[in-house]
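Residue numbers (this note's numbering): 22 to 451.
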């Protein structure tokens, strides 16, 4: 039986299709080609990777700049704090500004922040640069919202899935790339290479991205824009539910990826940076879930996709508990976890964007604030637990986050599976 989320998707998209049909002769933006969608995916992956480059490099950074262990740990924390602030204060601008110009401007400012990090010769400069890098890396979410706005309603899940696959690959390969580059040319080369790539992408996107949209942006002042994001959360129950799913799945995701390097760098493995980073190559399988989940959402199977994915997420922690004795078990657990997280993530974004397409940036940005909270919580809790209780405690923590998400889904499905119970989003743009 279709869940409540599928009903929301079908009703919302039906209204959206009617609206598009009414405007069919008004010069709307053409459907993006697969090449343009792939460009969105590459840009998203390159931008979000900057948030994760530092994780395999913390020890090297600390030694180079004579930083204490506590101060080194704040590198990751400040990057995520900057990212969270950007989600709330920068991403909503996509609903009132020219997204093409906004994206290019943020990418160019990101280049500056990356150069500051690469040139840092003191802890203060490094930390400021990392915070700015996190703040500006939210251009990823502006790109996701832009891609969703260009897609036809019937194929939006597929487009969001393809773009999100770029995000997945960027997150996971960030560690691999940074580990390899650091071993070859030092940690500063990582940020110089990223600055060069980001500058190139800014030029390409400036030339390729559409210069107009199918409707004028709403006339909201900046303060009203931020308040409307909060209003959307107060009004839309589905948005709150999906935001909680996002917080829990990314807490589990971060619990694994922020701490897995610790047991792998100790006995019996003693793996180098490059080998630990290569583990991300296995996790890229999760990108397959992003595209598959998008297609399932287009078919109205969002509730079932969420339930199956959350079940796999909870199950993934069983093989992960055997990491110290088997790398094969670790690989199986990583694949299951990444598949599950990305399936839920794409489903979340597709559903919430359909609530108010004209407020897409605010919806995506607000949702991703919970992603940032979950990521930071999972990272801090996992590394702290590992220090006092070991890898088994980290796995118990990740399993707890995963099972809580599964219970939340089960309770929601049970309450709203009646044939006459639907949750219809409001028609206004928030």
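Positions of the beta carbon are idealized from the N, C-alpha and C atoms, including for glycine.
Pick helix, strand or coil for residue i, following the three-state DSSP scheme.
i           : result
residue 379 : helix
residue 389 : helix
residue 280 : coil
residue 116 : helix
residue 433 : helix
residue 290 : coil
residue 343 : coil
residue 75  : coil
residue 88  : coil
residue 178 : helix
residue 306 : coil
residue 261 : helix
residue 201 : helix
residue 56  : helix
residue 142 : coil
residue 246 : helix
residue 408 : helix
residue 207 : coil
residue 11  : Outside the shown range of the chain, which is 22 to 451, sits residue 11, and nothing can be said about it.
With a 10 Å radius around its C-beta and 16 neighbouring C-beta atoms as the bar for buried, classify residue i as buried or exposed.
i           : result
residue 142 : exposed
residue 257 : buried
residue 411 : exposed
residue 91  : exposed
residue 197 : buried
residue 347 : exposed
residue 240 : exposed
residue 435 : exposed
residue 338 : buried
residue 370 : buried
residue 452 : Not covered by the structure: residue 452. The range shown for the chain is 22 to 451.
residue 73  : buried
residue 432 : exposed
residue 87  : exposed
residue 75  : buried
residue 63  : buried
residue 409 : exposed
residue 349 : exposed
residue 374 : buried
residue 93  : buried
Less than 8 Å between the C-beta atoms of residue i and residue j, yes or no?
i           : j           : result
residue 16  : residue 199 : An answer regarding residue 16 cannot be provided, because it is not within the stretch 22 to 451 covered by the chain.
residue 272 : residue 399 : yes
residue 179 : residue 319 : yes
residue 331 : residue 215 : no
residue 158 : residue 209 : no
residue 276 : residue 402 : yes
residue 68  : residue 131 : yes
residue 363 : residue 311 : yes
residue 334 : residue 426 : yes
residue 395 : residue 269 : yes
residue 382 : residue 113 : yes
residue 185 : residue 367 : yes
residue 300 : residue 281 : yes
residue 204 : residue 293 : yes
residue 193 : residue 304 : yes
residue 135 : residue 260 : no
residue 407 : residue 213 : no
residue 66  : residue 188 : yes
residue 195 : residue 70  : yes
residue 291 : residue 358 : no
residue 380 : residue 253 : yes
On a CA-only basis, which of the options is nearest residue i? Give me that one, please.
i           : options               : result
residue 181 : 243, 57, 325 and 343  : 57
residue 219 : 339, 161, 360 and 432 : 161
residue 327 : 262, 94 and 115       : 262
residue 313 : 360, 434 and 134      : 360
residue 302 : 171, 245 and 191      : 191
residue 297 : 376, 279 and 372      : 279
residue 207 : 285, 275 and 84       : 84
residue 183 : 60, 337, 358 and 380  : 60
residue 377 : 345, 250, 80 and 324  : 250
residue 230 : 336, 119, 245 and 315 : 119
residue 344 : 128, 133, 323 and 285 : 285
residue 247 : 205, 116, 358 and 393 : 116
residue 397 : 86, 65, 106 and 64    : 106
residue 323 : 64, 203 and 372       : 372
residue 356 : 306, 187, 169 and 173 : 306
residue 365 : 351, 393, 430 and 380 : 430
residue 103 : 393, 245 and 437      : 393
residue 109 : 309, 245, 129 and 358 : 245
> Quick one: any contact between the region 380-396 and the region 149-169, if contact means 3 or more CB pairs under 8 Å?
Replying inline: yes
> Does the region 406-418 come close enough to the region 144-157 that 3 or more CB-CB pairs lie under 8 Å?
Replying inline: no
> Do the region 219-227 and the region 117-132 meet, that is, are 3 or more Cβ pairs less than 8 Å apart?
Replying inline: yes
>> Does the structure place the region 95-115 close enough to the region 151-158 that three or more beta carbon pairs sit under 8 Å?
In response: yes
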